[in-house]
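Colleague:
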Amino acid sequence: MEELVVKVDGNEYKVFVEETEEGKILVHCGNDVYEVEAKKDAASSAIERLQKKTSEGDGSEIKAPLPGIIYEVKVKENQDVKEGQSLFSLMAMKMENDITSPRACKIKEIKVKKDDSVNRGDVLAVIE
Amino acid sequence: MASNKLKEFLDKHKSILDDKPAAELQHKKGKLTARERLAYLLDKDSFTELDAFAEHNSRDLEKRKPGDGVITGHGRISKKPVYVYAQDFSFMGGSMGEMHNKKIAHVMELALKTGCPIIGLLDSGGARIQEGVSALDAGGKIFQLNTMSSGVIPQISAIMGPCAGIAVYSPALTDFILMSNKTSYMFITGPDVIKTVTGETIDFEGLGGAAAHNEKSGVAHFMADNEKDCLDIIKVLLSYLPSNNLESPPYSLSDSPSRETKKLADIVPEDPKKTYDIKEVISEIFDRKTFFEVQANYAQNAVIGFARLNGNSVGIVANQPKVLAGCLDINSSCKIARFVRLCDSFNIPIINLVDVTGYLPGTNQEHNGIIRHGAKILFAYSEASVPKISLVLRKAYGGAYIALVSKDMGYDKVIAWPAAEIAVMGAEQAVGIVNRNEISKNPKIKSELAQQYTEKYLNPYVAAKLGKVDMVIDPKDTRIALVRCLDMILSKREKRPSKKHGNMPL
Numbered sequence: 001m002e003e004l005v006v007k008v009d010g011n012e013y014k015v016f017v018e019e020t021e022e023g024k025i026l027v028h029c030g031n032d033v034y035e036v037e038a039k040k041d042a043a044s045s046a047i048e049r050l051q052k053k054t055s056e057g058d059g060s061e062i063k064a065p066l067p068g069i070i071y072e073v074k075v076k077e078n079q080d081v082k083e084g085q086s087l088f089s090l091m092a093m094k095m096e097n098d099i100t101s102p103r104a105c106k107i108k109e110i111k112v113k114k115d116d117s118v119n120r121g122d123v124l125a126v127i128e
Numbered sequence: 129m130a131s132n133k134l135k136e137f138l139d140k141h142k143s144i145l146d147d148k149p150a151a152e153l154q155h156k157k158g159k160l161t162a163r164e165r166l167a168y169l170l171d172k173d174s175f176t177e178l179d180a181f182a183e184h185n186s187r188d189l190e191k192r193k194p195g196d197g198v199i200t201g202h203g204r205i206s207k208k209p210v211y212v213y214a215q216d217f218s219f220m221g222g223s224m225g226e227m228h229n230k231k232i233a234h235v236m237e238l239a240l241k242t243g244c245p246i247i248g249l250l251d252s253g254g255a256r257i258q259e260g261v262s263a264l265d266a267g268g269k270i271f272q273l274n275t276m277s278s279g280v281i282p283q284i285s286a287i288m289g290p291c292a293g294i295a296v297y298s299p300a301l302t303d304f305i306l307m308s309n310k311t312s313y314m315f316i317t318g319p320d321v322i323k324t325v326t327g328e329t330i331d332f333e334g335l336g337g338a339a340a341h342n343e344k345s346g347v348a349h350f351m352a353d354n355e356k357d358c359l360d361i362i363k364v365l366l367s368y369l370p371s372n373n374l375e376s377p378p379y380s381l382s383d384s385p386s387r388e389t390k391k392l393a394d395i396v397p398e399d400p401k402k403t404y405d406i407k408e409v410i411s412e413i414f415d416r417k418t419f420f421e422v423q424a425n426y427a428q429n430a431v432i433g434f435a436r437l438n439g440n441s442v443g444i445v446a447n448q449p450k451v452l453a454g455c456l457d458i459n460s461s462c463k464i465a466r467f468v469r470l471c472d473s474f475n476i477p478i479i480n481l482v483d484v485t486g487y488l489p490g491t492n493q494e495h496n497g498i499i500r501h502g503a504k505i506l507f508a509y510s511e512a513s514v515p516k517i518s519l520v521l522r523k524a525y526g527g528a529y530i531a532l533v534s535k536d537m538g539y540d541k542v543i544a545w546p547a548a549e550i551a552v553m554g555a556e557q558a559v560g561i562v563n564r565n566e567i568s569k570n571p572k573i574k575s576e577l578a579q580q581y582t583e584k585y586l587n588p589y590v591a592a593k594l595g596k597v598d599m600v601i602d603p604k605d606t607r608i609a610l611v612r613c614l615d616m617i618l619s620k621r622e623k624r625p626s627k628k629h630g631n632m633p634l
């Protein structure tokens, strides 16, 4: 909660504000609480939009983004997966890198198993 | 008599401002006219048009129109004066004739002379073939001015239609390229020529659309949903930049300097093998909702962008452990180096968030020149005289340590979290080299040796003992520490030897 001093019609009020959810703000003034909707200007929406943008998933193959060792296979063939779901864990650059699904799809074929060494660009799975 | 002349002027002026023919053509394609774009971009009624009566002087060309297919002038964005040009696709496809190019060069000269940003809204089929070499030559003037203005005033190019052939190189020389999704294209040679020469079939969008240049080529910096979005992004971008290299960036306070960053301990796993999203870390540390990412879709293993820290505009360079383990590779090196030079040009302090083991190994990287591309990062940071702060979250090994953290390379402040591992390399690799003979005799001792190495070297204290780390802090105090450090080094002055320019590896 943050303390602010606001001026309305020439009168000063000490208020406490808190953002409860995206765009909803509660203003505490004395014993009263007002819910206020924050209006976004075009500029702030441009900032947020850029943060959310990800590339669209296309193609039918999941490829290794960097050379490493398959640390875990997290899905089975014929399994339906959601967009962004983790499919493999690839140990590379001293990290367990999540290889995620670019879109909602079905796993058609898995081409690697645990402890396999893969090169960048190797196909790990075929998706529908 | 006088009133007749006035009437003539008013009639002419009216016909110049008549946007109807352009609107008919552009609106059908879901696009705005050049005048509509300028009206949306600039503060209300702030646009002043220049050279409105300019026409080409080619004898071979019947078609003519005052303005010659480009609207130029000056106006204000959030009260800051800017120079602008907007190509008018409705006259000869916005093609770049001699006078058209001279008009653009004219506003560019004025922008440079007065220290104001220059913004181009591009929508053109390319060079005006009928005008031949004189049109080409005037294009050369634009390139020359782009280069002279580089590092003096911010130059922003918004691609809002086709931009082909030599026309792509003016935007390429500017600081930022924005592309409106599905309605803009950039390429040297179009799909038809490619088909004839190489037999490859590809459409406009796949070849040079906003997605291609934002994700694959790294040519563009921003991908806008539509034209208005594109113009909004320009306004946001300018809010972080000064009008020229002699000014400080704009200041705007919106968050408490003493806010604790408690969430950081939950966002960043202590186990250095686990990944996380560095953008959550950025959001928590910097002034709320001020992070403005640049090249969000390109080389995502590095995250760059502007934000505010206690109201000050700062440039952020961060490793993204979630993508390619946050490694440095060719593309991310180029992305980081160019951004660092931009920040340095415009007096914007740079803050690094470091969590990376190093450069990506492999023949692909080596043969494509990771040595010379990776060197760009070293060159850019060493050259930058703006305040430079480095925060080590977890891993900072070897070459990446030197590039992103090393005090001797010029970082003003180095801050580390307790989980920081500042060392030459990871434990397994290190003992594999140092204790090669012992391990070959008795492989079992490797893990024990690695454990010893980890305890001895993989921490922030070895570097702190040597004065290479200024502060080791609790993650919850990260914002407070950064605010205080930045406050104290904003006034930094650092001299460089005088020279024409360095010879940066390219």
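Each protein sequence line maps, in turn, to chains H and L. When you line the first sequence up against my numbering, it's residues 1 to 128, in that order. When you line the second sequence up against my numbering, it's residues 129 to 634, in that order. Where is the CB? At the ideal position from N, CA and C, for every residue including glycine.
Answer yes or no: does any C-beta atom of chain L fall closer than 9 Å to that of Lys7 of chain H?
Modeller: no
Colleague: Is it the case that the Cβ atoms of Cys462 of chain L and Gly443 of chain L are separated by a distance below 9 Å?
Modeller: no
Colleague: In chain H, which residues lie with their C-beta within 8 Å of the C-beta of Leu488 of chain L?
Modeller: Leu66 and Met93
Colleague: Give the residues from the stretch 435-463 of chain L that approach chain H closer than 9 Å (Cβ to any Cβ), ordered along the chain.
Modeller: Pro449, Lys450, Val451, Leu452, Ala453, Gly454, Cys455 and Asp457
Colleague: Can you give me, in chain order, the residues of the stretch 17-41 of chain H that have a beta carbon less than 7 Å from any beta carbon in chain L?
Modeller: none
Colleague: Identify each residue in the stretch 95-109 of chain H for which the Cβ-Cβ distance to at least one residue of chain L is less than 8 Å, and report them in chain order.
Modeller: Against chain L - using a Cβ distance shorter than 8 Å - the residues of the stretch 95-109 of chain H are Met95, Glu96, Asn97 and Asp98.
Colleague: Compare the C-alpha of Glu128 of chain H against each of H:Thr20, H:Asn119, H:Gly121 and H:Arg103 and name the closest.
Modeller: Distance from the Cα of Glu128 of chain H is smallest, within the candidate group H:Thr20, H:Asn119, H:Gly121 and H:Arg103, for H:Arg103.
Colleague: Consider the Cβ of Phe304 of chain L: report whether some Cβ of chain H lies at a distance smaller than 9 Å.
Modeller: no
Colleague: Do we get a CB-CB distance below 9 Å when we pair Glu2 of chain H with the residues of chain L?
Modeller: So yes, Glu2 of chain H belongs to the interface.
Colleague: Just the Cα atoms here: how many angstroms apart are Gly68 of chain H and Leu249 of chain L?
Modeller: 45 Å
Colleague: Which class does Lys172 of chain L belong to by DSSP, given the choice of helix, strand or coil?
Modeller: coil
Colleague: What does the alpha-carbon distance come out to for the pair Val364 of chain L and Val559 of chain L?
Modeller: 50 Å
Colleague: Measuring only between beta-carbons, confirm whether Asp394 of chain L sits less than 9 Å from chain H.
Modeller: no
Colleague: Residues of chain L with CB closer than 8 Å to the CB of Ile47 of chain H, please, in chain order.
Modeller: Val364, Lys417, Thr418, Phe419 and Phe420
Colleague: Going by Cα to Cα distance, which pick from L:Val514, L:Ser376 and L:Gly527 is closest to Lys504 of chain L?
Modeller: Per the Cα distances, L:Gly527.
Colleague: Using a Cβ-Cβ cut-off of less than 8 Å, give me the residues of the stretch 358-383 of chain L that come near chain H, in sequence order.
Modeller: So the close ones are Asp360, Ile361, Lys363, Val364 and Ser367.
Colleague: List, in order along the chain, the chain H residues whose C-beta lies closer than 8 Å to that of Asn492 of chain L?
Modeller: Arg120
Colleague: What residue from H:Met1, H:Gly10, H:Ala64 and H:Glu48 has the CA that sits closest to Val33 of chain H's CA?
Modeller: H:Met1
Colleague: Looking only at its chain, what residues have a beta carbon closer than 6 Å to the beta carbon of Gly254 of chain L, apart from the 5 residues adjacent to it on each side?
Modeller: Ala292, Gly293 and Ala295
Colleague: Across the stretch 359-377 of chain L and the stretch 236-244 of chain L, are there enough close Cβ pairs to call them in contact, namely three or more that are closer than 8 Å?
Modeller: yes
Colleague: Three or more beta-carbon pairs under 8 Å between the stretch 192-206 of chain L and the stretch 168-178 of chain L, yes or no?
Modeller: Enough Cβ pairs lie closer than 8 Å, so yes.
Colleague: Reducing DSSP to helix, strand and coil, say where Glu83 of chain H ends up.
Modeller: coil
Colleague: Say whether chain H places a C-beta atom closer than 9 Å to the C-beta of Thr485 of chain L.
Modeller: yes
Colleague: List the residues of chain H that Gly635 of chain L touches, going by C-beta distances under 7 Å, in chain order.
Modeller: Coverage of chain L is limited to positions 129 through 634, which leaves residue 635 of chain L absent and any answer about it impossible.
Colleague: Can you give me the C-alpha to C-alpha distance between Pro119 of chain L and Val445 of chain L, rounded to a whole angstrom?
Modeller: Residue 119 of chain L lies beyond the stretch modelled for chain L, which goes from 129 to 634, so this question has no answer here.
Colleague: Work out the CA separation of Tyr529 of chain L and Tyr589 of chain L for me, nearest whole Å.
Modeller: CA-CA distance, Tyr589 of chain L to Tyr529 of chain L, rounds to 15 Å.
Colleague: Reducing DSSP to helix, strand and coil, say where Cys29 of chain H ends up.
Modeller: Looking at Cys29 of chain H - three-state DSSP - the assignment turns out to be strand.
Colleague: Go through its chain and collect everything with a Cβ distance to Ser637 of chain L's Cβ below 7 Å, but skip five positions before and after it.
Modeller: Residue coverage of chain L in this structure runs from 129 to 634, which leaves residue 637 of chain L outside it and unanswerable.
Colleague: Along chain H, in chain order, which residues have C-beta atoms closer than 9 Å to that of Lys172 of chain L?
Modeller: What Lys172 of chain L touches in chain H: nothing, since even the nearest Cβ is about 14 Å away.
Colleague: DSSP state of Thr54 of chain H, grouped into three classes?
Modeller: Low local confidence applies: a pLDDT of 49 at Thr54 of chain H is under 50, so the model's placement there is unreliable, with the coordinate-based value given in what follows. In the structure shown, Thr54 of chain H sits in coil (DSSP, three-state: anything other than H, G, I, E or B).
Colleague: Could you confirm whether any beta carbon from chain H is found closer than 9 Å to the beta carbon of Lys401 of chain L?
Modeller: yes
Colleague: So, is Val5 of chain H buried or exposed, given that buried needs 16 or more other C-beta atoms within 10 angstroms?
Modeller: exposed
Colleague: Quick one: give me the first and last residue of the alpha helix (DSSP H) that Ser298 of chain L is part of.
Modeller: Tyr297 to Leu301
Colleague: Quick one: what does DSSP say Gln215 of chain L is sitting in, helix, strand or coil?
Modeller: Three-state DSSP puts Gln215 of chain L in a strand.
Colleague: According to DSSP, simplified to helix, strand and coil, what is Phe414 of chain L?
Modeller: coil
Colleague: Terminal residues of the continuous alpha helix (DSSP H) containing Arg204 of chain L?
Modeller: Annotation for Arg204 of chain L: no alpha helix (DSSP H) segment contains it, though the beta strand (DSSP E) segment containing it runs Val198 to Ile205.
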